[in-house]
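Trainee: The structure follows.
Protein chains: 2
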Amino acid sequence: MMSATSFTGVSHTPKAVLVDRTNCLHALFSKQPAEYLVAGQSLFFEGDDANHVFEVLDGTLRIFRIISDGRRVITGFLDAGDVIGVSLREHYLYSAEAITPSTVRRLPRRYFDSAVASNDELRPEVFAQVCDEMAAAQDQMVLLSCKSAEERLCSFLLKYLKRTIGPSERPATIELPMSRQDMADYLGLTIETVSRTVTKLTTKGVLSFENPGMRHSIRIERQGMLAQLAGDGDEYGDPRRDLIVYGERRRH
Amino acid sequence: MMSATSFTGVSHTPKAVLVDRTNCLHALFSKQPAEYLVAGQSLFFEGDDANHVFEVLDGTLRIFRIISDGRRVITGFLDAGDVIGVSLREHYLYSAEAITPSTVRRLPRRYFDSAVASNDELRPEVFAQVCDEMAAAQDQMVLLSCKSAEERLCSFLLKYLKRTIGPSERPATIELPMSRQDMADYLGLTIETVSRTVTKLTTKGVLSFENPGMRHSIRIERQGMLAQLAGDGDEYGDPRRDLIVYGERRRH
DNA sequence: CGGTCAATTGATGTAGTTCAAGGTTAGTGG
DNA sequence: CCACTAACCTTGAACTACATCAATTGACCG
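Chains W and G supply the protein sequences, listed in that same order. The numbers in the first sequence follow our numbering, run straight up by one, and end at 507. The numbers in the second sequence follow our numbering, run straight up by one, and end at 507.
Structure follows, in structure tokens:
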């Protein structure tokens with residue numbers, strides 16, 4: 256029952272060409288028809304029966320929860336290559352919406368589960384996926400627990416920077432598909448604070464904009480400084496390692 | 256290779272007697288010797304090679320990360336029945352320490368992995384474990400993103416309340432094994448704020464203390480009010496459901 | 001051009017942090 | 001038994017980072 260074909264020429268071939276080994280997770284989806292979402296379109300809602308697992312082929316989605324007073328918490332962004340809904344049981348824990356026009360493929364959960372259960376090559380890949388998801392959640396918790404607005408924004412930009420290009424290329428430009436409001440809801444800030452922090456980083460010379468109109472493409476002028484300001488503590492040449500200094504621990 | 260025995264009378268039988276079906280996750284650990292930890296003792300450190308998976312038999316542990324400036328972020332507490340280290344790859348993402356005197360059993364990761372891979376009854380259980388972990392992480396992100404100090408504390412107490420007793424028993428008492436500092440580091444607050452919020456809830460009549468000395472055993476006087484103040488929006492009789500009111504969304 | 005929507009900027013408010021000072025309990029050693 | 005120290009928790013006063021409220025700008029569009 257396993258998809259053993261590779262790169263079957265489905266009519267709608269998306270822009271993002273992913274690695275296509277036989278028996279990899281991507282191959283599992285490759286037989287399914289592509290589905291197109293317009294910007295803002297929902298894929299599923301929090302609380303729905305979790306009947307499908309999705310692979311993102313193109314575009315960016317946001318996953319989020321709406322809490323009682325109407326506020327929105329974005330728990331993650333998903334890009335080409337990401338898989339949605341692996342670590343779920345009965346119901347979706349969050350809603351998923353396209354930010355940009357996006358392409359996805361879906362697989363019935365029961366099919367996905369049995370395929371993974373019966374395939375020794377697939378299982379580690381799914382496991383790795385879940386581990387990454389968990390690690391990302393941990394990082395986000397640290398970010399939300401401790402970091403200042405500036406640190407949050409810098410961490411966010413740094414993550415996108417690492418994702419988009421290799422660590423070379425001096426004045427690198429990153430394209431943020433999401434709005435300021437999305438960023439705010441992801442970073443646990445308000446839109447105003449995000450905006451103010453962006454301008455502060457601009458005046459510091461960390462960022463710049465090609466032309467003032469394109470507020471979603473950000474040029475990183477000083478990668479090193481960005482990493483410093485992100486405050487993850489593991490940037491270049493941290494001399495002490497596994498020498499944990501307990502002691503003064505204050506501030507939140 | 257699978258442990259097919261059930262309830263082998265190992266010399267060190269812990270206090271907490273867990274369900275012991277054949278082939279369940281607990282049975283997998285049951286052959287291993289019990290290890291005892293004194294309060295404050297470390298089980299492993301963030302960054303160590305993740306060579307073992309642990310089952311907690313008794314006591315409470317904290318898992319946490321120390322960030323660059325010395326602050327500590329507690330990402331979870333673990334009690335009897337919990338398993339540590341499933342969703343990890345190369346290295347531990349956090350340190351683990353006993354809060355109270357604790358008992359654990361350990362299993363080499365490679366043994367654990369192969370046992371889970373080859374056993375169709377074990378896999379869903381591990382999967383469920385990971386899903387719960389993920390769901391908890393999501394909830395924590397929401398808590399840290401949006402909630403006020405009072406909401407955070409109430410959510411925390413409510414979780415402990417649900418865990419310890421059935422939803423009956425009017426003036427229920429919960430035993431918190433961790434210090435105020437632990438609570439603060441878990442809730443993304445300072446110790447002072449936790450302390451102040453506890454007293455505020457006391458004056459509101461939500462909580463009380465048997466005698467002022469025992470600050471770790473808290474009597475919940477008004478469960479309903481606690482649930483209200485936790486602000487999860489899903490407590491008793493929320494009339495509107497799947498009628499999501501978009502619109503005014505502010506505050507953080 | 002008016003209308004809408006996203007982003008920015010300014011002015012003000014406040015929840016929670018920070019700094020500092022008790023207070024309580026428990027352990028230790030005279 | 002009582003001083004003596006050390007955790008741990010609580011309380012008070014002042015400060016600050018961020019939220020909130022409100023107004024402005026700029027881009028896009030029929």
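Think of the CB as a built atom: it goes at the ideal place given N, C-alpha and C, for glycine as much as any other residue.
Is it the case that the region 357 to 366 of chain W contacts the region 300 to 319 of chain W, given that we only count it when at least three CB pairs across the two stretches are under 8 Å?
Mentor: Yes: at least three Cβ pairs fall under 8 Å.
Trainee: Restricting to Cα atoms, I'd like to know which of Tyr347(W), Phe332(W), Ala351(W), Pro363(W) is closest to Leu292(W).
Mentor: Ranking the options by Cα distance to Leu292(W), first place goes to Ala351(W).
Trainee: Pro400(W) lies in the alpha helix (DSSP H); which residues open and close that run?
Mentor: Here the sequence assigns Ser to residue 400(W), which means Pro is not the residue at that position. Here the alpha helix (DSSP H) through Ser400(W) covers 377 to 401.
Trainee: Just verifying my parser: in three-state terms, what is the DSSP assignment at Arg435(G)?
Mentor: In the structure shown, Arg435(G) sits in a helix (DSSP, three-state: H, G or I).
Trainee: Measure the alpha-carbon distance for Gly340(W) versus Phe464(W) and round it to whole angstroms.
Mentor: Their backbone Cα atoms lie some 36 Å apart in a straight line.
Trainee: Which residues, taken in chain order from the region 388 to 413 of chain W, show a beta carbon closer than 8 Å to some beta carbon of chain G?
Mentor: Those residues of the region 388 to 413 of chain W that come within reach of chain G (Cβ to Cβ, closer than 8 Å) are Glu388, Met389, Ala390, Ala392, Gln393, Gln395, Met396, Val397, Leu399, Ser400, Cys401.
Trainee: Of the residues Lys459(W), Gln287(W), Met469(W), which one's Cα is nearest the Cα of Arg435(W)?
Mentor: For Arg435(W), the nearest C-alpha among the options comes from Met469(W).
Trainee: Would you list the residues sitting across from Phe332(W) in a DSSP beta bridge?
Mentor: According to DSSP, Phe332(W) bridges with Arg317(W).
Trainee: Which first and last residues belong to the beta strand (DSSP E) in which Arg361(G) is found?
Mentor: That run of the beta strand (DSSP E) goes 357 to 363.
Trainee: Quick check on His281(W): buried or exposed, where buried means 16 or more other Cβ atoms within 10 Å of its Cβ?
Mentor: His281(W) should be labelled buried.
Trainee: Return the residues of the region 318 to 333 of chain W that lie within a Cβ-Cβ distance of less than 8 Å from chain G, sorted by chain order.
Mentor: Going along the region 318 to 333 of chain W in chain order, one finds Arg320, Ile321, Ile322, Ser323, Asp324, Gly325, Arg326, Arg327, Val328, Thr330 with a Cβ nearer than 8 Å to chain G.
Trainee: Go to Ile475(W), then tell me how far its beta strand (DSSP E) extends in each direction, as first and last residue.
Mentor: Looking at the DSSP string, the run of the beta strand (DSSP E) that includes Ile475(W) is 472 to 475.
Trainee: Mind listing the chain W neighbours of Cys386(G)? Cutoff is C-beta to C-beta under 7 Å, in chain order.
Mentor: Going along chain W in sequence order, the residues near Cys386(G) (Cβ under 7 Å) are Ser342, Leu343, Arg344.
Trainee: Quick one: is Gly479(W) near chain G, going by C-beta distance under 8 Å?
Mentor: Not closer than 8 Å to any Cβ of chain G, the Cβ of Gly479(W) fails to qualify, so no.
Trainee: For a test of the three-state rule: what should DSSP assign to Val341(G), helix, strand or coil?
Mentor: Val341(G) falls in the coil class under three-state DSSP.
Trainee: Looking at C-alpha atoms only, which residue of Asp437(W), Gly331(W), Tyr415(W) is the closest neighbour of Thr428(W)?
Mentor: It is Tyr415(W).
Trainee: Whose Cβ in chain G lies nearer than 9 Å to the Cβ of Asp365(W)?
Mentor: First, the amino acid is wrong: residue 365(W) is Arg here, not Asp. The premise fails here: Arg365(W) is roughly 13 Å from chain G at the closest Cβ pair, so nothing lies under 9 Å.
Trainee: My assumption, with CB atoms under 8 Å, is that Thr330(W) sits in contact with Ala404(W). Please give the rounded CB distance.
Mentor: Going by Cβ atoms, the distance from Thr330(W) to Ala404(W) rounds to 19 Å, so no, they are not a contact pair.
Trainee: Could one say the Cβ of Arg378(G) lies closer than 8 Å to chain W's Cβ atoms, at least one of them?
Mentor: Chain W, which has a Cβ nearer than 8 Å to the Cβ of Arg378(G), makes this yes.
Trainee: State the start and end residues of the unbroken alpha helix (DSSP H) segment that holds Leu283(W).
Mentor: Looking at the DSSP string, the run of the alpha helix (DSSP H) that includes Leu283(W) is 280 to 284.
Trainee: For my contact list, Met396(G) and Val461(W) are in at a C-beta cut-off of 8 Å; report their separation, rounded to the angstrom.
Mentor: That pair is no contact at about 26 Å.
Trainee: For Thr412(G) and Leu442(G), I'd like the C-alpha separation in whole angstroms.
Mentor: It should be pointed out that residue 412(G) corresponds to Leu in this sequence rather than to Thr. Spanning the two alpha carbons is a distance of roughly 11 Å.
Trainee: If distances are taken between C-alpha atoms only, which option among Thr355(W), Arg326(W), Leu343(W) comes closest to Ala294(W)?
Mentor: It is Thr355(W).
Trainee: Cα-Cα, which of Asp487(G), Met480(G), Gly336(G) is closest to Arg418(G)?
Mentor: Looking at the Cα atoms, Gly336(G) is the closest of the given residues.
Trainee: Ile322(W) by DSSP, collapsed to three states: which one?
Mentor: In this structure, Ile322(W) counts as coil in the three-state DSSP scheme.
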